[in-house]
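Trainee: Going line by line, the protein sequences match chains U and P.
Counting with the numbering used here, you get residues 1 to 157 for the letters of the first sequence.
Counting with the numbering used here, you get residues 1001 to 1157 for the letters of the second sequence.
Ideal Cβ placement from N, Cα and C applies to all residues, glycine included.
What follows is a single structure, and I will ask about it in a moment.
There are 2 protein chains.
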Amino acid sequence: MSDLEVVAEPGRQDILITRTFDAPRETVWRALTEPELVARWFGLDETTTEVDPTEVRTGTPWRTSERTRDGEVYAFHGVHHEVRAPERMVRTFEFEGYPGHVSLETLTLEEAEGRTEYRVVALFQSVEDRDGMVASGMESGLAQSLDKLEEVLRSLR
Amino acid sequence: MSDLEVVAEPGRQDILITRTFDAPRETVWRALTEPELVARWFGLDETTTEVDPTEVRTGTPWRTSERTRDGEVYAFHGVHHEVRAPERMVRTFEFEGYPGHVSLETLTLEEAEGRTEYRVVALFQSVEDRDGMVASGMESGLAQSLDKLEEVLRSLR
């Protein structure tokens, strides 16, 4: 059972996501930024993920897409505002199926006693956009992704 | 007298800025994106502005700096998430004097009867960041900048 928490306080424009991983911060950072590792955990269990191989650094764009068995594609893209390995990343995020609605994600990783706290604040252009993301079932999708991330981290030990 | 409005509703994480300019949208877009034009209006009256000449398009970084007569430098930077000439731009924004605090700006330009409505929603990582920006006197600085933008537009007729 993971300690995933997804908090969306009424009336605010953000979602706070936290989870602890049993791995050092450098390892979690690798799994979050190396394309071939991201492809192993990002997305739902039944989809195949492709990750744009552009280097993850300040000022570069990113794009990730998931393909279902039926051939449908769900793609996401944005730009890296700041990348400071292995502790912080600020990037924009847009789901191509809902174009024009952009969020700003701030990721921080903190290590304590060999474990790493993963923390993301996702900030939306309106309360409605934020509430729509919560209502879309993002929490169960996220839980699937982060469980797979835990497996990737285990394989890197 | 301009019709500048700066709205920061209590408890929200954004600021809404609107102003009408007496110029067609294509002209306003040029003044907002061509480095040599931006340098003429961005910043306070008494500073000299330098604009990074990187092309304004989706996926590129940007940086603008103001130098005071005393040689102090106030710089701002970010990345363009989306650039759709001449109507919409979404970019990140960070004041280098307050590092780590990032905002997401969405600009839209709408033309009606030869005049253009300039509208920016600036979204902050916390209500505190938003309130701090309002308290910093951003409205008077913005008013100065946008008055100079009006002059630049007049010169482009």
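Pick from P:ALA1135, P:GLU1087, P:GLU1110: whose alpha carbon is nearest that of THR1020 (chain P)?
Mentor: Closest by alpha carbon: P:GLU1110.
Trainee: For the candidate residues U:HIS101, U:ARG84, U:ARG57, U:GLU46, whose alpha-carbon lies nearest to that of ASP70 (chain U)?
Mentor: Closest option to ASP70 (chain U), Cα to Cα, is U:GLU46.
Trainee: Three or more C-beta pairs closer than 8 Å, one from the region 1123-1136 of chain P and one from the region 1094-1103 of chain P: is that the case here?
Mentor: Touching, yes, given that three or more Cβ pairs across the two stretches are closer than 8 Å.
Trainee: Within 9 Å (strictly less), CB to CB, does PRO1086 (chain P) reach chain U?
Mentor: No, no contact with chain U.
Trainee: Could you name the residues of chain U that GLN1125 (chain P) contacts, counting a contact when the two beta carbons are closer than 7 Å?
Mentor: Going along chain U in sequence order, the residues near GLN1125 (chain P) (Cβ under 7 Å) are THR106, VAL121, LEU123.
Trainee: Pick out the complete alpha helix (DSSP H) segments inside the region 1091-1153 of chain P, 4 residues or longer, and give them in chain order.
Mentor: Counting only runs of 4 or more, we get 1127-1135.
Trainee: Just to confirm, are ASP52 (chain U) and PRO35 (chain U) a CB contact at a threshold of 9 Å?
Mentor: Yes, Cβ-Cβ distance for ASP52 (chain U) and PRO35 (chain U) is below 9 Å.
Trainee: Does the beta-carbon of GLU1187 (chain P) have 16 or more other beta-carbons within 10 angstroms, so that it is buried, or is it exposed?
Mentor: For residue 1187 (chain P) there is no data in the structure shown, the boundaries of chain P being 1001 and 1157.
Trainee: Closer than 9 Å, CB to CB, is PRO35 (chain U) near chain P or not?
Mentor: By this cut-off, PRO35 (chain U) is not an interface position.
Trainee: Please check if any C-beta of chain P sits within less than 9 Å of the C-beta of SER65 (chain U).
Mentor: Chain P contact via Cβ: absent.
Trainee: Considering only residues of the same chain and omitting the five flanking positions on each side of ARG1091 (chain P), which have a CB-CB separation below 7 Å?
Mentor: Cβ neighbours of ARG1091 (chain P) beyond the five flanking positions: TRP1062, GLY1078, VAL1079, HIS1080, HIS1081, GLU1105.
Trainee: Quick check on the burial criterion: 16 or more other C-beta atoms within 10 angstroms. Buried or exposed for GLY1114 (chain P)?
Mentor: It is exposed - the Cβ of GLY1114 (chain P) has fewer than 16 other Cβ atoms within 10 Å.
Trainee: What residue from P:GLY1137, P:LEU1153, P:ASP1022 has the CA that sits closest to ASP1003 (chain P)'s CA?
Mentor: Nearest C-alpha to ASP1003 (chain P): P:ASP1022.
Trainee: Using alpha carbons as the reference points, say which of P:ILE1017, P:GLY1011, P:GLU1087 lies closest to VAL1120 (chain P).
Mentor: Per the Cα distances, P:ILE1017.
Trainee: Would the beta-carbon of GLU1072 (chain P) fall within 9 Å of that of GLU1050 (chain P)?
Mentor: No.
Trainee: When you check each C-beta in the region 1006-1021 of chain P against every C-beta of chain U, which residues fall closer than 9 Å?
Mentor: Per Cβ criterion, the list reads GLY1011, ARG1012, GLN1013, ASP1014.
Trainee: Pick helix, strand or coil for GLU26 (chain U), following the three-state DSSP scheme.
Mentor: Looking at GLU26 (chain U) - three-state DSSP - the assignment turns out to be helix.
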